Amino acid sequence: FGGCFFAALNKVLNEQGAFVRKVSTVKSAARRLRAALQNRLIHRLETVPLFQQWPREDLEQVASLMVQERFRAGETIFRKLDRHSPLYFVLKGTVQVSLFT
């Protein structure tokens with residue numbers, strides 16, 4: 136039974152996902168994916184008027200620091216702004232801003 140299982144597993148890996156057998160191949164695929172995602176993000180940043188005149192190197196640095204967050208409808212994103220508050224870009228949906236003094 137063990138030999139048949141190994142042969143079946145070997146066949147599936149060869150046909151569907153043999154690249155996962157080598158760590159270096161997986162790392163390479165992850166680097167390519169990360170680079171593609173960063174390029175898409177830089178392209179989106181270039182459409183924002185604030186960033187249109189920035190050099191690509193600066194946009195690359197900004198993009199490398201960005202993280203994606205998802206929020207549910209009605210969820211509070213933040214309560215108080217200060218100089219250390221994060222900058223948010225809304226890619227999809229809407230945000231209601233309320234200012235209390």
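Numbering of the sequence shown is given in the numbering used here, commencing with residue 136 and proceeding in unit increments.
Just so it is clear, CB atoms sit at the ideal spot from N, CA and C, and this is done for glycine as well.
Here the structure is a predicted model, which is why all the values come from computation and not from measurement.
Just so you know, the alpha carbons of L216 and R207 end up roughly 21 angstroms apart.
Around the CB of L180, 16 or more other CB atoms lie within 10 Å, so the residue is classed as buried. Note on L148: under 16 other CB atoms within 10 angstroms of its CB, so exposed under the neighbour-count rule. V230 and V183 have their C-alpha atoms spaced approximately 17 angstroms apart.
At a cut-off of 4 residues, the continuous stretches assigned as alpha helix (DSSP H) that sit fully inside the stretch 174-214 are 191-200. Each of A142, G209, A198 and L234 was checked against the Cα of L222, and the nearest Cα belongs to A198.
Ranked by how close their Cα comes to the Cα of T211, the residues F224, S233 and D193 have S233 in first place. L172 sits exposed, since fewer than 16 C-beta atoms from the chains shown fall within 10 Å of its C-beta.
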